[in-house]
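Undergrad:
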Amino acid sequence: NCKPEPGDTVIDLQGALVLPGLINAHDHLELNHFPRMKWSERYSNSRAWIADFQPRFRTDPILATAMSVPLGDRLFIGGIKNLLSGATTVCHHNPLHRQLRRGFPVRVVRRYRYSHSLLVDGEAVKDECRKTPANWPWIIHAAEGTDRSAAAEFVQLEEWDCLGPKTVLVHGVGLQKEQQAALIDKGGGLISCPSSNFFLLGATADVSL
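Residues in the sequence shown are numbered consecutively from 1032, following our numbering.
1) For PRO1168, which residues of its own chain have a beta-carbon under 7 angstroms away from its beta-carbon, when the five flanking residues on both sides are left out?
2) Pick out whichever of ARG1073, GLN1210, GLU1175 has its Cα sitting closest to the Cα of GLU985.
3) Would you say the segment 1113-1124 touches the segment 1053-1066, given that touching needs at least three Cβ pairs under 8 angstroms?
4) With DSSP as the reference, label GLY1220 as helix, strand or coil.
5) Quick one: what does DSSP say ASP1192 is sitting in, helix, strand or coil?
6) On a CA-only basis, which of LEU1114, LEU1194, GLY1117 is nearest ARG1161? Give me that one, please.
7) Should ASP1039 go down as buried or exposed, given a rule of 16 or more other Cβ atoms within 10 Å for buried?
8) Go through its chain and collect everything with a Cβ distance to PHE1135's Cβ below 6 angstroms, but skip five positions before and after it.
9) Give the DSSP-derived three-state secondary structure of LEU1053 in the structure shown.
10) Using only alpha-carbon positions, find the residue among THR1090, GLU1154, SER1075, LYS1217 that is nearest to ALA1182.
11) Within the continuous alpha helix (DSSP H) that includes TRP1080, where are the two ends?
12) Would DSSP call ALA1173 helix, strand or coil?
13) Exposed or buried, GLN1085, counting other C-beta atoms within 10 Å across all chains shown (16 or more means buried)?
14) Helix or strand or just coil, what does DSSP make of CYS1122?
15) Take ALA1165 and list the residues in its own chain whose beta-carbon comes closer than 7 angstroms to its own, dropping the five residues that flank it on each side.
16) Considering only residues of the same chain and omitting the five flanking positions on each side of ASN1228, which have a CB-CB separation below 8 angstroms?
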């Protein structure tokens, strides 16, 4: 029980619990206002979901309405959703838009580089990984599926020498035990997203290691 110092503001929380701000390790802030959407009960890989999703941007009224919101407003909505969830620091897996740098509701990690995925970026991930400073994270969606192609993405990243201490894989649902062990041995990290994984894939990463 510490006594307040002169000039301190004292607020009676009436028995409420005070917790430190949470860290959201993975978000796409400008897409956070989209509702959860899928067109199959379960996908074996996020590639199939993306293939289902992309053609609907112009035809689905829900998607069209969501995309019509100005970028600054979409980012702000994403920030407020995090704040209301208790997260005060967010790692944004997209460009560090100017709106995120000042006056944003939550702190956004600034020192990072990223690739979307092997599906979207192809061989460009090699260059992006190489350009990432050794003490910055390089973040990429990987093994977001339960099929063989999900595990094959790890093999491809390994062949391109893109696995190391700065590597942060997102999802990793399809990683085999030996691949998880190899990632740990190389000093890399994994961000698990159980809620979205169960929604799309019916499974999530085994993070027991």
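Cβ coordinates follow ideal geometry from the N, Cα and C atoms, glycine included.
TA: Inspection of the coordinates gives the following:
1) TYR1143, LYS1197, VAL1199
2) This structure leaves residue 985 out entirely; the chain is present only between 1032 and 1240.
3) yes
4) strand
5) coil
6) The candidate whose alpha carbon is nearest that of ARG1161 is LEU1194.
7) exposed
8) GLY1110
9) strand
10) SER1075
11) 1077-1084
12) strand
13) exposed
14) strand
15) LYS1197
16) GLU1175, HIS1202, VAL1204, ALA1234, THR1235, ALA1236
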